[in-house]
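In full-length UniProt numbering, the protein residues as written are 1 to 59.
Note that the Cβ used here is the ideal one computed from N, Cα and C, for glycine as well.
Given the structure is predicted, the values throughout are model-derived calculations rather than measurements.
Scroll down for the structure; my scribbles are underneath it.
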């Protein structure tokens with residue numbers, strides 16, 4: 001483990017984040033997990049997929 005991470009964890013123990021920030025982070029993580037679950041169950045829409053661009057072959 002990187003020593004910087006240990007210092008960061010010690011800082012968080014001394015000064016924990018506010019409950020509002022914890023709720024915000026958990027909400028963002030929940031939204032991301034929801035989007036991943038929807039994508040896995042339904043699939044990726046064709047309208048949002050990019051078509052591969054073919055480059056002309058040079059002689």
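- Linking residue 26 to residue 10 through their CA atoms gives a straight-line distance of about 21 Å.
- For residue 36, the enclosing alpha helix (DSSP H) covers residues 19-42.
- Counting only the Cα atoms, residue 34 lies some 11 Å from residue 41.
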